[in-house]
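For the sequence shown, counting from 1, position 214 maps to 706 in the numbering used here; every step adds exactly one.
Glycine included, every Cβ here is placed at the ideal spot set by N, Cα and C.
Comments concern the structure below.
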Amino acid sequence: MKKLLFTLCLLTTLAPSFAQKTEYKIAAIGFYNLENLFDTLDSPDTNDKDFLPKGRLKWNTERYVSKQANMANVISQIATDQTPDGLALLGVAEIENQKVLEDLVAQPQLSPRNYKIVHFESPDERGIDCALLYQPKYFTVLGAQAVPVKLVDAQTGEVDFTRDILYVAGIFDGEPMHLMVGHWPSRSGGEAGSVWRRGAAASVCKMLSDSILNTDPNAKIVIMGDLNDDPTSKSVAKVLQAKGKSEDVPEKGLYNPMYSHYKDGNGTLAYRDAWNLFDQMVVSKGMINKSVGGWQLHKAVIFRQPWLMQTEGAFRGYPFRTFVGDIFMNGYSDHLPVYLTVLRKK
């Protein structure tokens, strides 16, 4: 009897602590540069001459089918250790058109998720675009637009064309959320000589985020993409004003959770035996302010698996890509995917 009374007293004492345990829902939002996901058809609006059966890369049906399967294999595994649904939202870059995305989401590894597509054709000279894939069980699109990045050389007046910023507004599992997917201008011509181009793209994202946050300071915003710059580069740190430490983020400010990865020497692509972290995900303060509630950032992850890396040759240790020069490697991408996990109290 004494043992029974002791047990009952112990359970009574512990009951409040059990009752206070908080349960969370978890979801994942990712970005992946798919490295030249072109179809095999000649398009008059696309500079796709290399990606044709008779082109330089001999891009035929067999290679296209293999590329699609490889991309689906990667995407299907991202964040599944955190949530069985994998990525609720996925921004993508370097895709040729809507059709290649339709083929992608129809792959056996991805079709059960019922991904839907938001895509616009961009004026990019190579004919590559950005897009957003989303699971309708998580996300409802309220509106979307392609916001142009105007590139006019101040010295020559020459106009250049690049990818638009894809802006999508919607409801993410019951909560308003704003998404921007970008593929900022490359470093062609050198980092210093092209910095103004990436600054122009960063300015578009800053303008959009400022407009949203001036209306709702607690708005949930995710800016994702291949920025062709690192977290400490001028375009990200100065123009976009994305802070690397959460405590430094002001009201209506932006936080870059990829900063700590970069400072630790991690990256998403390699060049001349050095790592860059071009693939980034930036969030608004509403995503890291617990007093706001709703969906909150849990962590940022670089999806780096041994099978995603090249294991031999001159590029051993680099991401295992589709081509090295003109040689078909049957790999994945020259970029590694990145993703965020976000939590919300049940």
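Query raised in the report: At a cut of 8 Å, does the segment 662-670 reach the segment 690-697 through at least three beta carbon pairs?
Result: no
Query - Helix, strand or coil at Val641 according to DSSP, with G and I counted as helix - result: The residue you call residue 641 lines up with position 149 of the sequence shown. If DSSP states are grouped into helix, strand and coil, Val641 belongs with coil.
Report task. Taking Gly691 as part of the alpha helix (DSSP H), name the residues at either end of that continuous run. Result -> For the purposes of this step, residue 691 is identified with residue 199 of the sequence shown, where counting begins at 1. Unbroken alpha helix (DSSP H) run through Gly691: Glu683 to Thr707.
Query raised in the report: In the DSSP assignment, what are the bridge partners of Ile567?
Result: Residue numbering aside, residue 567 sits at position 75 when the sequence shown is read from its first letter. The partner list for Ile567 (beta bridge, DSSP) is empty, contrary to what the question assumes.
Query raised in the report: Excluding sequence positions up to five away, which residues of its chain have a Cβ less than 7 Å from the Cβ of Ile896?
Result: Residue numbering for the chain in the displayed model covers 493 to 838; residue 896 lies beyond these limits and cannot be assessed.
Requested in this report: Decide if Ser735 is buried, meaning its Cβ has at least 16 other Cβ atoms within 10 Å, or exposed.
Outcome: Against the sequence shown, residue 735 aligns to sequence position 243. According to the sequence as given, residue 735 is Lys; it is not Ser. Buried, because 16 or more other Cβ atoms sit within 10 Å of the Cβ of Lys735.
Query raised in the report: If you count every other CB in all the chains shown that lies within 10 Å of the CB of Ile567, and 16 or more means buried, which is it?
Result: Numbered from 1 along the sequence shown, position 75 holds the residue referred to as residue 567. Buried is the call here.
Query raised in the report: Mind checking Trp799: buried by the 16 CB within 10 Å criterion, or exposed?
Result: The count along the sequence shown starts at 1 and reaches residue 799 at position 307. Per the 10 Å Cβ criterion, exposed.
Query raised in the report: Thinking C-beta only, is Leu634 closer than 7 Å to Gly674?
Result: Taking the sequence shown and counting its residues from 1, one reaches residue 674 at position 182. Taking the sequence shown and counting its residues from 1, one reaches residue 634 at position 142. No, these two residues do not count as a Cβ contact at 7 Å.
Report task. Go ahead and pull the three-state DSSP assignment for Tyr767. Result -> On the sequence shown, position 275 is the one that residue 767 refers to. Per the sequence presented here, residue 767 reads as Trp, with Tyr not at that position. In the structure shown, Trp767 sits in a strand (DSSP, three-state: E or B).
Report task. Compute the Euclidean distance between the alpha carbons of Val774 and Arg689, then round it to the nearest angstrom. Result -> Sequence index remark: in the sequence shown, residue 774 carries index 282 (1-based). Sequence index remark: in the sequence shown, residue 689 carries index 197 (1-based). So the alpha carbons of these two residues sit roughly 19 Å apart.
Query raised in the report: Counting only runs that start and end within the segment 584-645, where is the alpha helix (DSSP H) found for 4 or more residues in a row?
Result: 590-597
Query raised in the report: Could you check where the alpha helix (DSSP H) with Lys517 kicks off and where it finishes?
Result: As a position in the sequence shown, residue 517 is number 25, starting the count at 1. Segment Tyr516 to Leu529 is the beta strand (DSSP E) holding Lys517; no alpha helix (DSSP H) there.
Query - Boundaries (first-last residue) of the beta strand (DSSP E) holding Lys755 - result: For the purposes of this step, residue 755 is taken as residue 263 along the sequence shown, with counting starting at 1. Run containing Lys755: none in the beta strand (DSSP E); it sits in the alpha helix (DSSP H), Tyr751 to Lys755.
Query - Rounded straight-line distance, which links the Cα of Ile819 to that of Ala585 - result: Position 93 of the sequence shown, counted from the start, is the residue given in the question as residue 585. Position 327 of the sequence shown, counted from the start, is the residue given in the question as residue 819. If you take the alpha carbons of Ala585 and Ile819, they lie about 22 Å apart.
**Report entry** Assigned exposure category for Asp756 - 16 Cβ within 10 Å defines buried
**Finding:** Residue 756 sits at position 264 when you count from the first residue of the sequence shown. So Asp756 ends up on the exposed side.
Query raised in the report: Is there contact here, the segment 549-568 with the segment 820-831, by at least three beta-carbon pairs under 8 Å?
Result: yes
Query raised in the report: Is it a yes or a no for the segment 637-647 touching the segment 678-687, going by three-plus beta-carbon pairs under 8 Å?
Result: no
Query raised in the report: When burial is assigned at 16 or more other CB atoms within 10 Å of the CB, is Tyr763 buried or exposed?
Result: Numbered from its first residue, the sequence shown carries residue 763 at position 271. Per the 10 Å Cβ criterion, exposed.
Query raised in the report: Would you report the Cα separation of Ala571 and Tyr630, rounded to the nearest angstrom?
Result: Locating residue 571 in the sequence shown gives position 79, counting from the first residue. Locating residue 630 in the sequence shown gives position 138, counting from the first residue. Using only the alpha carbons, I get a separation of about 15 Å.
Requested in this report: Return yes when the Cβ of Tyr754 is within less than 7 Å of the Cβ of Asp722, no when it is not.
Outcome: On the sequence shown, position 230 is the one that residue 722 refers to. On the sequence shown, position 262 is the one that residue 754 refers to. The answer is yes: Cβ separation under 7 Å.
Query raised in the report: Can you tell which of Met779, Asp577 and Asp542 has its C-alpha closest to the C-alpha of Arg836?
Result: Stepping through the sequence shown from its first residue, residue 836 is reached at position 344. Per the Cα distances, Met779.
Query raised in the report: Between the Cα of Gly583 and the Cα atoms of Ser783, Ala766, Asn781 and Tyr524, which residue gives the shortest distance?
Result: For the purposes of this step, residue 583 is identified with residue 91 of the sequence shown, where counting begins at 1. The option with the nearest alpha carbon to Gly583 is Tyr524.
Query raised in the report: Going straight from the alpha carbon of Tyr751 to that of Ser680, what length do you get?
Result: The residue given as residue 751 occupies position 259 in the sequence shown. The residue given as residue 680 occupies position 188 in the sequence shown. Taking the straight line joining both Cα atoms gives about 24 Å.
Query raised in the report: Per DSSP, what kind of secondary structure is Lys777 in: helix, strand or coil?
Result: Taking the first residue of the sequence shown as 1, we reach residue 777 at position 285. Of the three classes helix, strand and coil, the one that applies to Lys777 here is helix, per DSSP.
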